[in-house]
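At position 179 of the sequence shown (counting the first as 1) the number is 183 in my numbering, and the numbers step up by one without a gap.
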Amino acid sequence: MMAIITDKEKCCGCGSCSAVCPQGCITMQPDKEGFMHPRIDTQRCTGCQACRTACPVLHMPRRLPVQGTYSAYSRDEAVRRESSSGGIFTELARQVLDNGGVVFGAAFDGAFCVKHICIERRQALYKLRASKYVQSTTGGTYRQARTLLEQGRLVLYSGTPCQIAGLRAYLKKDYENLITQSMICHGVPSPKVWKKYLDFIAGEDTVQGVQFRNKETGWKKYRLKIVKKGGAYSATVWEDPYMKAFVRNLALRPSCGACAFKGYKQTADVTLADYWGAEQLEPELDDDKGLSLVFIHSEKGQRLFESLHDAIAWKPADMHKAVLFNQSLVKASAPHRRRAFFFSNLEKYPFDVLVEKCLKSPGAVQLAKKRLIL
Numbered sequence: 005m006m007a008i009i010t011d012k013e014k015c016c017g018c019g020s021c022s023a024v025c026p027q028g029c030i031t032m033q034p035d036k037e038g039f040m041h042p043r044i045d046t047q048r049c050t051g052c053q054a055c056r057t058a059c060p061v062l063h064m065p066r067r068l069p070v071q072g073t074y075s076a077y078s079r080d081e082a083v084r085r086e087s088s089s090g091g092i093f094t095e096l097a098r099q100v101l102d103n104g105g106v107v108f109g110a111a112f113d114g115a116f117c118v119k120h121i122c123i124e125r126r127q128a129l130y131k132l133r134a135s136k137y138v139q140s141t142t143g144g145t146y147r148q149a150r151t152l153l154e155q156g157r158l159v160l161y162s163g164t165p166c167q168i169a170g171l172r173a174y175l176k177k178d179y180e181n182l183i184t185q186s187m188i189c190h191g192v193p194s195p196k197v198w199k200k201y202l203d204f205i206a207g208e209d210t211v212q213g214v215q216f217r218n219k220e221t222g223w224k225k226y227r228l229k230i231v232k233k234g235g236a237y238s239a240t241v242w243e244d245p246y247m248k249a250f251v252r253n254l255a256l257r258p259s260c261g262a263c264a265f266k267g268y269k270q271t272a273d274v275t276l277a278d279y280w281g282a283e284q285l286e287p288e289l290d291d292d293k294g295l296s297l298v299f300i301h302s303e304k305g306q307r308l309f310e311s312l313h314d315a316i317a318w319k320p321a322d323m324h325k326a327v328l329f330n331q332s333l334v335k336a337s338a339p340h341r342r343r344a345f346f347f348s349n350l351e352k353y354p355f356d357v358l359v360e361k362c363l364k365s366p367g368a369v370q371l372a373k374k375r376l377i378l
């Protein structure tokens, strides 16, 4: 296990090793860049090797080929409006909850840190809905999911491909009552970078809400919107410093640059994504309100998707054509050449100034920062 702990190009931070340790001697701790890594209490470690067998990088769980590809969106206009793409995650989750199940996914806490939680009621689904472009902590959710699975509860677990692989490696067997859902992932910035940015945007004000993908100006022209006590900040992906650092690969986890979980074959039952390129491939479905791309990898995933057909509009899609506009399914995000400079100067410069220094782009960021929606 030590090889993975010390090699930051490989450790994905899923937390499976910490969850499986029978001695409880592995904790997930942030490194200097703010990314979570396992730390072993060597005084308590018995050398049982449970952590090695639960590591999805060392022991990749079975990967499933794509069995079906679809374009889809929720017929519930409110759900679609509040979702990052077409609202299909919400419909999957509703179906599970309505059948007595539970849903695990990433949510903001009171300080807008992102953590995995478990919900049992529809009313709580808003917490899990919509993209959150920062690495979440899985905490005790792998253990909680296993307990519920052993009790016979239906479980839907949503996460990044590495988090789903981590869950699979931790469980070591496929439960018929477990459905896993991942997404096409560009990579994850660290919680430390997110906090530095949020403090920068907040200033002396208080953040009250965050939408990474606000669609008031349309799905394709989404904006990051941060609601503050004194107003709201809004900027496009090309204006906002955090989003620029994200899409230009300045702030991503080292393992994202050599992600072990890329490819058509996935460990999840269902993979969701934005259907970018829909205006060319599915123009009759593209009304700029959000369209999901759905990859089905298992019979369980297919059954769950088919159970939604009264709640969604859908049609089969061409997998290979769709992936031309979603290259993050198959290609890792190469780190920006100034990534090291970015992290080594995170405490030195104001966030927007640092991003500008790294990307050397026009000063639209500072103008965007002053834009308030009152």
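Backbone N, C-alpha and C define an ideal beta-carbon position, used for all residues, glycine too. All figures in this text were calculated on a predicted structure; none of them were measured in a lab.
If you draw a straight line from the alpha carbon of residue i to that of residue j, how long is it in whole angstroms?
i: tyrosine 279; j: alanine 264; result: 23 Å
i: serine 348; j: alanine 149; result: 38 Å
i: lysine 374; j: tyrosine 237; result: The pLDDT assigned to lysine 374 is 39, lower than 50, so where the model puts this residue is not dependable, and the model offers no usable value.
i: lysine 12; j: valine 70; result: 30 Å
i: valine 251; j: lysine 224; result: 15 Å
i: isoleucine 183; j: leucine 158; result: 8 Å
i: glycine 156; j: arginine 147; result: 14 Å
i: alanine 111; j: serine 194; result: 15 Å
i: threonine 94; j: glycine 305; result: 15 Å
i: histidine 340; j: proline 34; result: 21 Å
i: glutamate 351; j: valine 241; result: 23 Å
i: cysteine 117; j: serine 140; result: 8 Å
i: glycine 144; j: proline 287; result: 43 Å
i: glutamate 227; j: lysine 219; result: One detail in the question is off: residue 227 reads as arginine in this sequence, not glutamate. Looking at the two C-alpha atoms, the distance is approximately 7 Å.
i: tyrosine 353; j: glycine 207; result: 15 Å
i: arginine 66; j: glycine 235; result: 48 Å
i: aspartate 80; j: alanine 317; result: 10 Å
i: glutamine 284; j: glutamate 86; result: 24 Å
i: aspartate 203; j: cysteine 18; result: 26 Å
i: glycine 367; j: phenylalanine 309; result: Because the pLDDT at glycine 367 is just 45, under 50, the model does not fix this residue reliably, and the value given afterwards should be weighed accordingly. Rounded to whole angstroms, glycine 367 to phenylalanine 309 spans 45 Å at the Cα level.
i: histidine 31; j: arginine 172; result: For the record, residue 31 in the displayed sequence is threonine; it is not histidine. Looking at the two C-alpha atoms, the distance is approximately 19 Å.
Please say whether residue j and residue i have beta carbons closer to each other than 7 Å?
i: alanine 23; j: tyrosine 161; result: no
i: isoleucine 168; j: asparagine 330; result: no
i: tyrosine 229; j: aspartate 209; result: It is lysine, not tyrosine, that sits at residue 229 in the sequence shown. Contact flag unset, no.
i: alanine 262; j: alanine 255; result: no
i: phenylalanine 299; j: lysine 200; result: no
i: valine 107; j: glutamine 185; result: no
i: glycine 109; j: leucine 132; result: yes
i: glutamine 27; j: arginine 43; result: no
i: serine 259; j: cysteine 16; result: yes
i: aspartate 291; j: alanine 282; result: no
i: valine 334; j: lysine 266; result: yes
i: serine 332; j: leucine 68; result: no
i: arginine 395; j: valine 192; result: Outside the shown range of the chain (5 to 378) lies residue 395, about which nothing can therefore be said.
Comparing the CB of residue i with every heavy atom of the ligand FAD, is any distance shorter than 6 Å?
i: phenylalanine 347; result: The model depicted lacks the ligand FAD and carries no ligand whatsoever.
Specify, as a first and last residue, the run of the beta strand (DSSP E) that residue i falls within.
i: cysteine 166; result: Here cysteine 166 belongs to no beta strand (DSSP E); instead the alpha helix (DSSP H) covers 165-175.
i: serine 186; result: 182-187
i: serine 78; result: 72-78
i: lysine 319; result: 316-320
i: tyrosine 161; result: 159-162
i: phenylalanine 299; result: 296-300
Pull the bridge partners of residue i from the DSSP assignment, please.
i: glutamine 47; result: Partner(s): none; glutamine 47 has no beta bridge.
i: threonine 31; result: Arg43
i: alanine 110; result: His120
i: threonine 141; result: Lys119
i: proline 193; result: Leu256
i: valine 211; result: Lys232
i: leucine 68; result: Gln270
For the alpha helix (DSSP H) holding residue i, just list the boundary residues, first then last.
i: aspartate 102; result: 92-102
i: cysteine 55; result: 54-57
i: cysteine 2; result: The question about residue 2 has no answer here: the residues shown for the chain are numbered 5 through 378.
i: serine 348; result: 343-348
i: aspartate 356; result: 355-363
i: glycine 305; result: 303-310
i: alanine 326; result: 323-327
i: alanine 338; result: Segment: none, alanine 338 is in no alpha helix (DSSP H) and carries neither H nor E.
i: alanine 128; result: No alpha helix (DSSP H) contains alanine 128, which DSSP labels as neither H nor E.
i: alanine 134; result: Unbroken run through alanine 134: none, as it is neither H nor E.
Determine whether the Cβ of residue i lies closer than 7 Å to any Cβ atom of chain C.
i: aspartate 322; result: Among the protein chains of the structure shown there is no chain C, as only one such chain exists.
**Segments assigned alpha helix (DSSP H), at least 4 residues, entirely inside the stretch 215-289** = 245-251, 282-285
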